[in-house]
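Undergrad:
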Amino acid sequence: MSQSYNRGLIEDFSRWREFSAGMWAWIFHKFTGWVLVGYLFTHIAVLSTALSGAAAYTNTIQALESLLVVRILEVGLLAVAVFHILNGVRLLFVDLGVGLEAQDKSFYASLILTGVIVVASIPTFLSGVSI
(Lines of atoms letter the chains of each structure in order from A and count residues from 1; the text may use other names and numbers.)
(Lines give C-alpha, C1' and ligand atoms only; values in the text may rest on other atoms or scores of the structure.)
Protein backbone atom coordinates (compact mmCIF):
# COMPACT_ATOMS: atom_id res chain seq x y z
CA MET A 1 0.00 0.00 0.00
CA SER A 2 1.36 3.41 -0.93
CA GLN A 3 1.73 6.25 1.47
CA SER A 4 -0.35 9.34 0.95
CA TYR A 5 0.99 12.85 0.99
CA ASN A 6 -1.14 15.78 2.04
CA ARG A 7 -0.68 18.34 -0.72
CA GLY A 8 -3.19 20.72 0.72
CA LEU A 9 -5.65 22.57 -1.45
CA ILE A 10 -4.73 21.67 -5.03
CA GLU A 11 -6.67 24.45 -6.71
CA ASP A 12 -5.66 27.64 -4.97
CA PHE A 13 -7.37 30.28 -7.06
CA SER A 14 -5.74 33.16 -5.21
CA ARG A 15 -2.32 32.35 -6.72
CA TRP A 16 -3.03 34.32 -9.91
CA ARG A 17 -2.12 37.49 -8.00
CA GLU A 18 1.42 36.15 -7.63
CA PHE A 19 1.95 35.70 -11.39
CA SER A 20 4.63 37.80 -13.01
CA ALA A 21 4.36 39.36 -16.44
CA GLY A 22 6.22 36.40 -17.90
CA MET A 23 3.62 33.97 -16.58
CA TRP A 24 0.77 36.09 -17.98
CA ALA A 25 2.58 36.28 -21.32
CA TRP A 26 2.87 32.48 -21.35
CA ILE A 27 -0.82 32.02 -20.44
CA PHE A 28 -2.01 34.54 -23.06
CA HIS A 29 0.27 33.05 -25.71
CA LYS A 30 -1.07 29.54 -25.08
CA PHE A 31 -4.67 30.78 -25.02
CA THR A 32 -4.32 32.76 -28.24
CA GLY A 33 -2.62 29.79 -29.89
CA TRP A 34 -5.55 27.53 -29.06
CA VAL A 35 -8.04 30.16 -30.27
CA LEU A 36 -6.17 30.39 -33.58
CA VAL A 37 -6.23 26.59 -33.94
CA GLY A 38 -9.98 26.63 -33.30
CA TYR A 39 -10.43 29.38 -35.87
CA LEU A 40 -8.49 27.33 -38.40
CA PHE A 41 -11.14 24.60 -38.24
CA THR A 42 -13.93 27.17 -38.59
CA HIS A 43 -12.14 28.73 -41.54
CA ILE A 44 -11.80 25.36 -43.27
CA ALA A 45 -15.51 24.65 -42.66
CA VAL A 46 -16.52 27.94 -44.28
CA LEU A 47 -14.14 27.44 -47.20
CA SER A 48 -15.52 23.95 -47.76
CA THR A 49 -18.82 25.50 -48.87
CA ALA A 50 -16.99 26.38 -52.08
CA LEU A 51 -17.09 22.70 -52.95
CA SER A 52 -20.86 23.08 -53.42
CA GLY A 53 -20.31 25.82 -55.96
CA ALA A 54 -19.43 29.48 -56.21
CA ALA A 55 -22.98 30.60 -55.45
CA ALA A 56 -23.12 28.62 -52.19
CA TYR A 57 -19.79 30.07 -51.07
CA THR A 58 -20.81 33.62 -51.97
CA ASN A 59 -24.13 33.25 -50.16
CA THR A 60 -22.38 31.89 -47.07
CA ILE A 61 -19.86 34.73 -46.97
CA GLN A 62 -22.52 37.39 -47.53
CA ALA A 63 -24.74 35.91 -44.82
CA LEU A 64 -21.88 35.77 -42.32
CA GLU A 65 -20.59 39.27 -43.08
CA SER A 66 -24.01 40.78 -42.56
CA LEU A 67 -24.16 39.63 -38.93
CA LEU A 68 -22.92 42.01 -36.23
CA VAL A 69 -21.80 39.14 -33.99
CA VAL A 70 -19.53 37.82 -36.76
CA ARG A 71 -17.97 41.27 -37.18
CA ILE A 72 -17.36 41.47 -33.43
CA LEU A 73 -15.79 38.00 -33.52
CA GLU A 74 -13.55 39.18 -36.37
CA VAL A 75 -12.32 42.05 -34.19
CA GLY A 76 -11.61 39.50 -31.45
CA LEU A 77 -9.77 37.32 -33.96
CA LEU A 78 -7.67 40.31 -34.97
CA ALA A 79 -6.81 40.96 -31.31
CA VAL A 80 -5.84 37.33 -30.78
CA ALA A 81 -3.73 37.16 -33.95
CA VAL A 82 -1.95 40.49 -33.38
CA PHE A 83 -1.09 39.65 -29.77
CA HIS A 84 0.09 36.16 -30.72
CA ILE A 85 2.33 37.59 -33.44
CA LEU A 86 3.78 40.38 -31.29
CA ASN A 87 4.37 38.08 -28.33
CA GLY A 88 5.96 35.52 -30.66
CA VAL A 89 8.38 38.16 -31.95
CA ARG A 90 9.07 39.18 -28.35
CA LEU A 91 9.82 35.56 -27.47
CA LEU A 92 12.10 35.25 -30.48
CA PHE A 93 14.14 38.22 -29.30
CA VAL A 94 14.26 36.84 -25.75
CA ASP A 95 15.48 33.47 -27.08
CA LEU A 96 18.17 35.29 -29.04
CA GLY A 97 19.26 37.08 -25.86
CA VAL A 98 18.04 40.51 -26.93
CA GLY A 99 16.08 42.42 -24.31
CA LEU A 100 16.39 39.91 -21.50
CA GLU A 101 16.34 42.71 -18.94
CA ALA A 102 13.17 44.26 -20.38
CA GLN A 103 10.89 41.25 -20.73
CA ASP A 104 8.13 42.79 -18.64
CA LYS A 105 8.25 46.04 -20.54
CA SER A 106 8.16 44.29 -23.89
CA PHE A 107 5.15 42.22 -22.79
CA TYR A 108 3.29 45.34 -21.72
CA ALA A 109 4.30 47.04 -24.97
CA SER A 110 2.88 44.14 -26.97
CA LEU A 111 -0.39 44.40 -25.03
CA ILE A 112 -0.62 48.15 -25.60
CA LEU A 113 0.26 47.88 -29.29
CA THR A 114 -2.35 45.14 -29.71
CA GLY A 115 -4.95 47.38 -28.09
CA VAL A 116 -4.05 50.33 -30.30
CA ILE A 117 -4.22 48.26 -33.50
CA VAL A 118 -7.55 46.68 -32.53
CA VAL A 119 -9.17 49.96 -31.49
CA ALA A 120 -7.97 51.63 -34.69
CA SER A 121 -9.44 48.83 -36.82
CA ILE A 122 -12.90 48.69 -35.23
CA PRO A 123 -14.49 51.21 -37.64
CA THR A 124 -13.19 49.21 -40.60
CA PHE A 125 -14.60 45.94 -39.29
CA LEU A 126 -17.97 47.35 -38.32
CA SER A 127 -18.60 49.39 -41.47
CA GLY A 128 -21.45 48.18 -43.64
CA VAL A 129 -23.00 45.84 -41.08
CA SER A 130 -26.76 45.89 -40.63
CA ILE A 131 -27.79 46.00 -36.99
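Counting with the UniProt record's numbering, you get residues 1 to 131 for the letters of the sequence shown. No residue lacks a Cβ here, since even glycine has one placed at the ideal position from N, Cα and C. None of these values were measured; they are calculated from a predicted model.
With a 10 Å radius around its C-beta and 16 neighbouring C-beta atoms as the bar for buried, classify Thr114 as buried or exposed.
TA: buried
Undergrad: Could you tell me the boundaries of the alpha helix (DSSP H) in which Thr58 lies?
TA: Ala54 to Glu65
Undergrad: Can you tell me whether DSSP reads Phe28 as helix, strand or coil?
TA: helix
Undergrad: Are the stretch 115-124 and the stretch 27-44 in contact at 8 Å, needing three or more beta carbon pairs?
TA: no
Undergrad: Taking just the CA atoms, how far does Ile122 sit from Gln62?
TA: 19 Å
Undergrad: Rounded to the nearest angstrom, what separates Val75 and Gln103 at their Cα positions?
TA: 27 Å
Undergrad: Restricting to Cα atoms, I'd like to know which of Ile112, Leu40, Thr42 and Leu73 is closest to Asn87.
TA: Ile112
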